Amino acid sequence: MNKRNFTFILLCTFFILLCKSVDTNAKTKYPNSGVVITFDDTSVNEWFEADKTLSQYSWKATFCVSKINTLSFSEITKLLKLQKEGHEIAGHGFHHFDAPKFVSKNGINKYINQEINPMLALMNFYSFKVTSFAYPFGFRNAEIDAALLKKFKIVRGTTYGAEDPFFQNCYYNNSKSVLAIGIDTDHPNFSIPYLLKLLEYTKRKHQILILFGHKPLQKITANYQTQIATLQLICNYVKQHHMTFYRLSDLDHLN
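Take the sequence shown: its letters are residues -26 to -1, 1 to 229, numbered as in mature numbering (1 follows the signal peptide of the UniProt record, and there is no 0).
See below:
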């Protein structure tokens, strides 16, 4: 084999390997691009009121409830109504523990017995169909994921940053462990222009964007609050572009 042919073969091999690498890192495309809107903690009354405003969009959301034992009868009733309307009620911890910190100090078995099992038992008692879990503070690791995925179909953490959407981790990636980006007004790097950029990428590249907020309100008065206008913008975008509202549990059926 002469030197020219050898060089040509090396170059072809290099480009084949490069294309395979790019394809491996590419995000999977889905027939119906869409958005997963999730809310954390215990703002049941505000969630219920937000649903009255956003039901005109036929939206669907996932409400990740923590400290279920502290909720009133009225709040439990409202959650059951939201579930009946097609929204998802997910777990967010019985005590709202920082999972990696607790496990590092006490072990995974104590975490499951104190944070997960009591939550599931009480939510099951109230007839909530819980198959998804959102980590308090978004903190997680592979060990805890492995343990929780024996009890849940999908677990959700959080991601940050305002890089180009191609490099963001807030899109569904065919994994049982997913990451969401915040839409509270105080969330680091949150802005309407960046949210629109994420939504545009979602539509154009047939992706599924995963978002999380806390307490939805018309007027922002403190941290951990999502403005209703932000939610209306998202819902308008989804409807106008014929996208889909997904719940966390819906992602399991896409695997």
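Glycine residues also receive a C-beta, built at the ideal position from the N, C-alpha and C atoms. Bear in mind the structure is a predicted one, so any value in this text is a computation, not a measurement.
Residue environment for lysine 189: buried (at least 16 other C-beta atoms within 10 angstroms of its C-beta). Taking 8 angstroms as the upper bound for CB-CB distance, isoleucine 155 and threonine 133 are in contact here, some 5 angstroms apart.
In this model, asparagine 115 and alanine 108 are separated by some 13 angstroms (Cα to Cα).
Look at the stretch 43 to 98 and you find these whole runs of alpha helix (DSSP H), each 4 residues long or longer: 47 to 58, 73 to 80 and 82 to 85. DSSP places leucine 228 in the coil class of the three-state scheme, outside both helix and strand.
Approximately 6 angstroms separates the beta-carbon atoms of isoleucine 184 and tyrosine 146; this is inside 8 angstroms, confirming the contact. For asparagine 197, same chain residues with a beta-carbon under 6 angstroms away, outside a window of 5 residues either side, are Asp160 in chain order. For phenylalanine 111, same chain residues with a beta-carbon under 7 angstroms away, outside a window of 5 residues either side, are Asp72 in chain order.
With 16 or more other Cβ atoms from the protein chains shown falling within 10 Å of its own Cβ, proline 139 counts as buried.
Per DSSP, reduced to three states, the secondary structure at glutamine 192 is coil, with no helix or strand assignment. Rounded to whole angstroms, the Cβ separation of serine 46 and glycine 67 is 19 angstroms, and the two are not in contact under 8 angstroms. When the five nearest sequence neighbours on each side are left out, the beta carbons in the same chain lying within less than 7 angstroms of the beta carbon of phenylalanine 164 are those of Gly156, Ile157 and Asp158, in order along the chain. By the C-beta density criterion, glutamine 30 is exposed, having fewer than 16 other C-beta atoms within 10 angstroms.
The Cβ atoms of glycine 187 and threonine 195 lie no closer than 7 angstroms to each other. When DSSP states are grouped into helix, strand and coil, valine 152 belongs to the strand group.
Between the stretch 22 to 37 and the stretch 69 to 85, the count of C-beta pairs closer than 8 angstroms stays below three; the two stretches do not touch. With 16 or more neighbouring CB atoms inside 10 Å of its own CB, serine 7 falls in the buried class.
Within the same chain, Cβ atoms closer than 7 angstroms to the Cβ of alanine 121 are found at Ile82 and Ile86, the five residues on either side in sequence being excluded. Nearest C-alpha to arginine 221 among Pro5, Val9 and Tyr4: Val9. In the structure shown, the three-state DSSP call for threonine 204 is helix. The alpha-carbon of alanine 203 is positioned some 10 angstroms away from that of isoleucine 166. The three-state reading of DSSP puts glutamine 214 in helix, counting H, G and I together.
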